[in-house]
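Asks: Here it is: the structure, laid out below.
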Amino acid sequence: MIDYCAAVWRTRYFWWSLVTMDLRSRYHGSVLGLGWSLLNPILMTAVISTVFCQLFNQDFRSFAPFLLLGLAFWNYLTACVMEGCQSFQRGEAYIRQHPAPLAIYPLRIALGAMIHLLMTLAVVLVLVWIVKGFGNLPALVSLVPTLLTLLVLGWATAVCMGLINVLVNDTQYLIPVLMQVLFYLTPVMYPPELLRQKGLTLLQFNPLAAYLDMFRLPVLEGRLPGWEVLAVGMLTALAVASLAAAGLAVMQRRLVFYL
Amino acid sequence: MAFIELENVGLTFRVRQQGRFSIKEFLVASHKRKKRPGAMRVRALEGVDLRIREGERVGIIGHNGAGKSTLLKVLAGIYMPSEGRRTVEGNISSLFDLSLGFEPHATGRENIVYRGYLQGETPRSLAPKLEPIAEFSELGDHLDMPVRYYSSGMLVRLAFSIATAIEPEILIIDEVLAAGDLAFQSKARERMREMITKARLVVVVSHDLASLTELCDWLIWMDHGNVRATGPCEEIIAQYTQQSARPPALAA
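So the sequence lines, in the order shown, correspond to chains A and B. Using our numbering, read the first sequence as starting at 1 and increasing by one per residue. Using our numbering, read the second sequence as starting at 260 and increasing by one per residue.
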């Protein structure tokens, strides 16, 4: 395990250069460049917030950052899941030529998605700063471990999805549907308190809700997330990471035959 | 101390006949009375014992499909043996499928950097090699163009220049002696020879028996996934050509 991580670290120049290339080539020749990746969540937020605020009398100034933050997290997760499916196929030419640790190909995906998340997060922070003034610094510092946890979660998820997709080709078609379902079961667009009020207690155990709290409490309310929220978030990341490690242990030697 | 050792190495591929496993296949197969043939097993290598020591230059010959390239990929660590043991000491550089593994949207120069990093270079070690690589490829201004606009010959030039710019301890080469156009080929041959003399251990697959005799100390003759014979170049080539000349009915 330690050897494996060391091998991933040794190839850091390789995967990092792929991450930066992905960013550059994705918006190559477009006017807005990286701005396009911000436009999607911002436009969604603007439209949904306007409609919701009209319909349900929400306060636009608090609902918009709430939603944008939720969408930022959701887009990160979706990218890790969907692009993760293709991670090994995209690295096929490298896998066939060089015995590098397989985990670097999903890592490329997760890091790329993380950079997009950071950009949206910066927009939210500035928005909140303008509307409410500068938040609580210790609470904001808690975002650092949160983001690290999320990177582990996204990387491990991309590894799992990549492996599953290599074995069962239908995964990439099935997953968008499941993600859509999951989107509505997760309090991205609605406040989690709503679930409690409506007695949908089961949905409160959705571990993804914990990640949303880990972002929203420090940024929007200036409070540190409670320990039980952190515990759920970290344990979930740990569980997925163990699954990914087990999958890689089995597949590291065989994957090349399935490509 | 560079060396490669294979002990009783065998390799079995599982090849699905209709691409990868799908849910449809699973559902349909469970309702069909007649079972469809599942994964096909291909026995690519069988009981291979090899000891290649520092300073040796070894060639591999054999018919198409005899397991030459598979053996190379096992030596390079890309395929792990299904059974047996592989022990390798020394860092390996391998040259296969030269035109694969480029990022199409990145320029030639950027691809030099990616490939260099994949082969274990660091920004510091790579910097002094960039110019010589660019020069050797003779691609000039085309290097600032995305490689998806390259012709296959240009890709081969670029790949060959990158792959041969480093000085590995162990060099594994699959049939790349015929790279690029005629002018580049003679240059590539020269570079190859230079690399082969510099590397501490070389394994090369080729159908070019004359070059092999010239480059290698001894040969491995692969046949149906088995090592049929090993020994001095002239001896093995004589046996190999004699067997190839025989009509197929008698050869079996």
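Every residue gets a Cβ at the ideal spot worked out from N, C-alpha and C, and that includes glycine.
Can you find at least 3 beta carbon pairs, one from the region 91–111 of chain A and one from the region 359–376 of chain B, that sit closer than 8 Å?
Replies: As far as the Cβ criterion goes, the region 91–111 of chain A touches the region 359–376 of chain B, which means the pair count is three or higher.
Asks: Does DSSP put Met189 of chain A in a helix, in a strand, or in coil?
Replies: Translated into the one-based positions of the first sequence, residue 189 of chain A becomes position 189. Reduced to three states, the DSSP call for Met189 of chain A is coil.
Asks: Comparing C-alpha positions only, which one of B:Arg407, B:Ile431, B:Leu417, B:Glu305 sits nearest to Gly399 of chain B?
Replies: On the second sequence, residue 399 of chain B is found 140 positions in, with the first residue counted as 1. Considering only alpha carbons, the answer is B:Leu417.
Asks: How far does the alpha helix (DSSP H) with Pro387 of chain B in it extend, from its first residue to its last?
Replies: Walking along the second sequence from the start, residue 387 of chain B turns up at place 128. That run of the alpha helix (DSSP H) goes 382–396.
Asks: Is there at least one Cβ from chain C nearer than 7 Å to Phe272 of chain B's Cβ?
Replies: You won't find chain C in this structure, because its protein chains are A and B.
Asks: Is any heavy atom of the ligand MG found at a distance shorter than 6 Å from the C-beta of Ile351 of chain B?
Replies: Absence of the ligand MG from the depicted structure is noted, as is the absence of any ligand whatsoever, leaving it without description.
Asks: What are the residues of the region 298–320 of chain B that lie near chain A, defined by any Cβ-Cβ distance shorter than 7 Å?
Replies: Cβ contacts with chain A come from no residue of the region 298–320 of chain B.
Asks: State the Cα-Cα distance for the pair Val181 of chain A and Met82 of chain A, rounded to the nearest angstrom.
Replies: Numbered from 1 along the first sequence, position 181 holds the residue referred to as residue 181 of chain A. Numbered from 1 along the first sequence, position 82 holds the residue referred to as residue 82 of chain A. If I take the Cα positions, the gap works out to 14 Å.
Asks: Tell me, please, whether the CB atom of Leu377 of chain B is closer than 7 Å to any CB atom in chain A?
Replies: For this step, residue 377 of chain B is matched to residue 118 along the second sequence. Yes, Leu377 of chain B lies at the interface with chain A (some Cβ there is under 7 Å from its Cβ).
Asks: Cα separation between Asn165 of chain A and Cys85 of chain A?
Replies: The residue given as residue 165 of chain A occupies position 165 in the first sequence. The residue given as residue 85 of chain A occupies position 85 in the first sequence. One C-alpha to the other measures close to 5 Å.
Asks: Within 7 Å (strictly less), CB to CB, does Arg196 of chain A reach chain B?
Replies: The residue given as residue 196 of chain A occupies position 196 in the first sequence. Chain B contact via Cβ: absent.
Asks: Can you give the Cα-Cα distance for Arg316 of chain B and Val406 of chain B, rounded to whole angstroms?
Replies: Start at 1 with the first residue of the second sequence, and residue 316 of chain B comes out as number 57. Start at 1 with the first residue of the second sequence, and residue 406 of chain B comes out as number 147. Spanning the two alpha carbons is a distance of roughly 34 Å.
Asks: Give the interface partners of Met21 of chain A over in chain B, defined as CB-CB distance under 9 Å, in chain order.
Replies: Position 21 of the first sequence holds residue 21 of chain A. The contacting residues are Glu362, His364, Ala365, Glu369, Tyr373.
Asks: Kindly say whether Tyr94 of chain A, judged by its beta-carbon, lies nearer than 7 Å to any beta-carbon of chain B.
Replies: Locating residue 94 of chain A in the first sequence gives position 94, where the first residue counts as 1. Tyr94 of chain A counts as touching chain B.
Asks: Residues of chain A with CB closer than 8 Å to the CB of Leu359 of chain B, please, in chain order.
Replies: Taking the second sequence and counting its residues from 1, one reaches residue 359 of chain B at position 100. Within 8 Å Cβ-Cβ: Ala93, Arg96, Gln97.
Asks: Out of A:Met21, A:Ala72, A:Thr78, A:Gln54, which has the shortest C-alpha to C-alpha gap to Met179 of chain A?
Replies: What you label residue 179 of chain A is simply residue 179 of the first sequence in a count that begins at 1. Measuring from the Cα of Met179 of chain A, the nearest candidate turns out to be A:Thr78.
Asks: For the candidate residues B:Ile455, B:Tyr408, B:Phe272, whose alpha-carbon lies nearest to that of Cys475 of chain B?
Replies: Within the second sequence, the letter at position 216 stands for residue 475 of chain B. Nearest C-alpha to Cys475 of chain B: B:Ile455.
Asks: Please list the partners that Ala7 of chain A has in chain B, where partner means a Cβ-to-Cβ separation under 7 Å.
Replies: Taking the first sequence and counting its residues from 1, one reaches residue 7 of chain A at position 7. The premise fails here: Ala7 of chain A is roughly 11 Å from chain B at the closest Cβ pair, so nothing lies under 7 Å.
Asks: Can you name the residues of chain B whose CB is closer than 7 Å to the CB of Ser17 of chain A?
Replies: For the purposes of this step, residue 17 of chain A is taken as the residue at position 17 of the first sequence. Ordered by position in chain B, the residues that pass the 7 Å Cβ test against Ser17 of chain A are Val372, Tyr373, Tyr376.
Asks: Near Gly326 of chain B, what residues of its chain come up, given a Cβ to Cβ distance below 6 Å and the 5 sequence neighbours on each side ignored?
Replies: Working through the second sequence from its first residue, we reach residue 326 of chain B at position 67. Here the set comprises Ala303, Leu304, Met481, Gly484.
Asks: Given that Phe257 of chain A touches chain B, what residues does it touch there, using C-beta distances under 7 Å?
Replies: The sequence position of residue 257 of chain A within the first sequence is 257, counting from 1. Residues of chain B passing the Cβ test: Phe272, Arg273.
Asks: Should Ile263 of chain B be flagged as near chain A, meaning a C-beta pair shorter than 7 Å?
Replies: In the second sequence, the residue the question calls residue 263 of chain B occupies position 4. Chain A contact via Cβ: absent.
Asks: Just checking: is the beta-carbon of Gly269 of chain B within a distance shorter than 7 Å of some beta-carbon in chain A?
Replies: Counting from 1 along the second sequence, the entry for residue 269 of chain B is found at position 10. Taking Cβ atoms only, chain A never reaches closer than 7 Å to Gly269 of chain B, which makes this a no.
Asks: Assign Leu230 of chain A to one of three DSSP states: helix, strand, or coil.
Replies: Position 230 of the first sequence, counted from the first residue, corresponds to residue 230 of chain A. In the structure shown, Leu230 of chain A sits in a helix (DSSP, three-state: H, G or I).
Asks: Cβ of Thr11 of chain A within 7 Å of Cβ of Ala113 of chain A?
Replies: The residue labelled residue 11 of chain A in the question sits at position 11 within the first sequence. The residue labelled residue 113 of chain A in the question sits at position 113 within the first sequence. For Thr11 of chain A and Ala113 of chain A, no; Cβs fall outside 7 Å.
Asks: What's the gap between the Cα of Leu68 of chain A and the Cα of Leu208 of chain A?
Replies: Reading the first sequence from its first residue, position 68 is the one you call residue 68 of chain A. Reading the first sequence from its first residue, position 208 is the one you call residue 208 of chain A. Spanning the two alpha carbons is a distance of roughly 16 Å.
Asks: On the CB-based measure, 16 or more other CB atoms within 10 Å of its CB, does Ala511 of chain B come out buried or exposed?
Replies: Within the second sequence, residue 511 of chain B is the residue found at index 252, counting from 1. Residue placement at Ala511 of chain B cannot be trusted, given a pLDDT of 43 that sits under 50; what the coordinates show is reported in the next sentence. Exposed, because fewer than 16 other Cβ atoms sit within 10 Å of the Cβ of Ala511 of chain B.
Asks: Would Phe355 of chain B pass as a contact of Asp433 of chain B if the rule is Cβ separation under 7 Å?
Replies: Taking the first residue of the second sequence as position 1, residue 355 of chain B is located at position 96. Taking the first residue of the second sequence as position 1, residue 433 of chain B is located at position 174. Yes; because the gap between Cβ atoms is below 7 Å, this pair is in contact.
Asks: For a test of the three-state rule: what should DSSP assign to Ala261 of chain B, helix, strand or coil?
Replies: Reading the second sequence from its first residue, position 2 is the one you call residue 261 of chain B. DSSP places Ala261 of chain B in coil when its eight states are reduced to three.
Asks: Under 6 Å Cβ to Cβ from Gly375 of chain B, same chain only, skipping five residues before and after it: list those, please.
Replies: Numbered from 1 along the second sequence, position 116 holds the residue referred to as residue 375 of chain B. Excluding sequence neighbours, Gly375 of chain B sits near Leu385.
Asks: For Gly247 of chain A, count neighbouring C-beta atoms within 10 Å of its own C-beta (all shown protein chains included) and say buried if the count is 16 or more, exposed if not.
Replies: Translated into positions along the first sequence, residue 247 of chain A becomes position 247. So Gly247 of chain A counts as buried.
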